[in-house]
Amino acid sequence: MQAIDLHVHSNRSDGTLSPAQLVDYAREKGLKAFALTDHDTIDGLEEAISYGENLRAEDGGRAVPEIVPGIELSTEYHKQDIHILGLFIDYRRPAFRESLQAFVDSRIGRNRKMCRLLQEAGIRITYEDLISAYPDAVITRAHYARYLLDHGYVRSLPEAFERYIGDHCPCYVPREKVTPVQAVRLVQEARGVPVMAHPGLYHLGREQLDTLAAELKEAGLAGLEAIYSTYSPAEERQMRALASKYGLLVSGGSDFHGAAKPGLDLGTGYGKLFVPCQILEDLRKAVPG
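With our numbering, letter number 256 in the sequence shown gets 322, and the count goes up by one each step, no holes.
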């Protein structure tokens, strides 16, 4: 039975494979479909979708996975990071692209501030250096950590976070984040299906997570990622129960990042993940007409 994967990252955010390489790898893995859901960017979608279309034209469509256009939006709720996936988004819609650009501009401003703080700490780094080192990527703290390691300022990636860029460290600048409700509405603006990503990872108690699900359902949330690479069977049951309580569709994905997350594979996570094709069809029915 074929599987799908509705949470995948490319090197246009913090993954290591290009969008086209992801299509090839999904094909090699025998996936029926995957969603490209890079962090706060749609820059890789055109490449992935065009490459997939070319493959279908070349061989009559045999074994070429469907590429679901998506995004993963970073938000904040009671000082906790909450991520909202947008699936089946119409990423070409002008209003959506304008809203997303404002989101990106905020990230660029934050990165320039972090570079200035790192300079004050004795590190030779500019925003332009980062862009040169990681072309076409949406710069995240993972890129800073890699840069510091590659240039000899730290001995490990964890050290970069512990000394410089972790929460509350001297060179950390918090992002201006949208709320989860705003992210849900942004996905709706793109005529997509909003899904709460990996709710089991958030530092929220059951009551607070329940409250968040209720608030987002009222705002238009359509699904919840109840199948995920790191979930135990008990955690998956809990997430499925939460989805059922609020009439939310079940989604599932690996959160594949390539070499950036060693041991976590596309489609199978850490070896036991399986997301059936029916989940994709159920979510497809939620796409606004």
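Note that the Cβ used here is the ideal one computed from N, Cα and C, for glycine as well.
**Cα-Cα separation between Y312 and T334, rounded to whole angstroms** = Spanning the two alpha carbons is a distance of roughly 27 Å.
**Asked** Under a Cβ-count criterion, where at least 16 other Cβ atoms within 10 Å of its own Cβ denotes burial, should I174 be classed as buried or exposed?
**Response** Classified as exposed, I174 has fewer than 16 neighbouring CB atoms from the shown chains inside 10 Å of its CB.
**Message:** Just to confirm my understanding: we take Y200, look at its own chain, exclude 5 residues before and 5 after, and list those with CB closer than 7 Å. What are they?
**Reply:** The residues are H209.
**Prompt:** What distance in whole Å lies between the Cβ atoms of S317 and L290, which are believed to be in contact at a cut-off of 8 Å?
**Reply:** L290 to S317, Cβ: 7 Å. Contact.
**Prompt:** Since K98 contacts I70 with CB under 8 Å, what's their CB separation in whole angstroms?
**Reply:** Confirmed, about 5 Å.
**Message:** On the criterion of 16 or more Cβ atoms from any shown chain inside 10 Å, does D171 qualify as buried, or is it exposed?
**Reply:** It counts as exposed.
**Asked** Would you call A307 buried or exposed, if buried means 16 or more other Cβ atoms sit within 10 Å of its Cβ?
**Response** Note on A307: under 16 other CB atoms within 10 angstroms of its CB, so exposed under the neighbour-count rule.
**Request:** Indicate whether the contact test is met: 3 or more Cβ pairs, each with one atom in the segment 154-169 and one in the segment 215-232, closer than 8 Å.
**Result:** Verdict: no, contact absent.
**Asked** Should P135 and R257 be called a contact, given that it needs their Cβ atoms to be closer than 8 Å?
**Response** Contact annotation: P135 and R257 have beta-carbon atoms that are not nearer than 8 Å.
**Item:** Touching by the beta-carbon criterion (3+ pairs, under 8 Å), the segment 315-331 and the segment 285-303
**Value:** Because the criterion of three Cβ pairs below 8 Å is met, the segment 315-331 and the segment 285-303 touch.
**Asked** Ordered along the chain, which non-local residues of its own chain (more than five positions away) have a Cβ less than 6 Å from that of V264?
**Response** What sits at residue 264 in the sequence shown is His, not Val. For H264, the CB contacts under 6 Å within the same chain, skipping 5 residues up- and downstream, are E291, Y294 in chain order.
**Prompt:** Is E138 closer than 8 Å to L151 when the C-beta atoms are compared?
**Reply:** Result yes, Cβ atoms of L151 and E138 sit closer than 8 Å.
**Spatial neighbours of L183 in its chain, beta-carbon cut-off 6 Å, leaving aside the 5 residues before and after** = Result list for L183: C237, in chain order.
**Prompt:** In the structure shown, what three-state DSSP assignment does G286 receive?
**Reply:** Correct three-state label for G286: coil.
**Cα-Cα separation, H149 to I108** = Roughly 15 Å between the two C-alpha positions.
**Prompt:** When burial is assigned at 16 or more other CB atoms within 10 Å of the CB, is H365 buried or exposed?
**Reply:** Given that the chain is displayed from residue 67 to residue 355, the structure contains no residue 365 and the question cannot be resolved.
**Asked** Which stretch, first to last residue, makes up the alpha helix (DSSP H) that contains P260?
**Response** Element bounds for P260: not the alpha helix (DSSP H) but the beta strand (DSSP E), 259-262.
**Prompt:** For the beta strand (DSSP E) that F100 lies in, which residues bound it at each end?
**Reply:** Counting along the chain, the unbroken beta strand (DSSP E) around F100 starts and ends at 99-102.
**Asked** Which whole-angstrom value describes the C-beta separation of Y117 and P160, a residue pair presumed to lie in contact below a C-beta threshold of 8 Å?
**Response** The Cβ separation is near 24 Å, so there is no contact.
**Extent of the continuous beta strand (DSSP E) run through A69** = It spans 69-74 - the beta strand (DSSP E) in which A69 sits, taken as one unbroken run.
**Message:** Taking the beta carbon of C110 as the centre, do at least 16 other beta carbons fall within 10 Å, making it buried, or is it exposed?
**Reply:** Before going on, a small fix: residue 110 reads as Gly here, not Cys. Classification for G110: buried.
**Asked** How about T141 and P246: do their beta carbons lie closer than 8 Å?
**Response** Yes, the Cβ-Cβ distance between T141 and P246 is below 8 Å.
**Message:** Please classify H269 as buried or exposed, where buried requires at least 16 other C-beta atoms within 10 Å of its C-beta.
**Reply:** Only exposed fits H269, as fewer than 16 other CB atoms lie within 10 angstroms of its CB.
**Item:** For H105: DSSP bridge partner residues
**Value:** Residue pairing of H105 in beta bridges, as defined by DSSP: E138.
**Prompt:** DSSP three-state call for D125: helix, strand or coil?
**Reply:** Looking at D125 - three-state DSSP - the assignment turns out to be helix.
**Message:** Could you give the first and the last residue of the continuous alpha helix (DSSP H) run that contains V316?
**Reply:** Segment 315-319 is the beta strand (DSSP E) holding V316; no alpha helix (DSSP H) there.
**Item:** Proximity of S76 and L88 at Cβ, strictly below 8 Å
**Value:** Result yes, Cβ atoms of S76 and L88 sit closer than 8 Å.
**DSSP beta-bridge partners of A244** = First, the residue type needs correcting, since residue 244 is Val and not Ala in the sequence shown. Under DSSP, V244 shares a beta bridge with T141.
**Message:** If I measure Cβ to Cβ from I231 and keep anything under 6 Å in the same chain, skipping five residues before and after, which residues do I get?
**Reply:** Residues of the same chain with a CB within less than 6 Å of the CB of I231, apart from the 5 flanking positions on each side, are R207, Y210, C237, Y238 in chain order.
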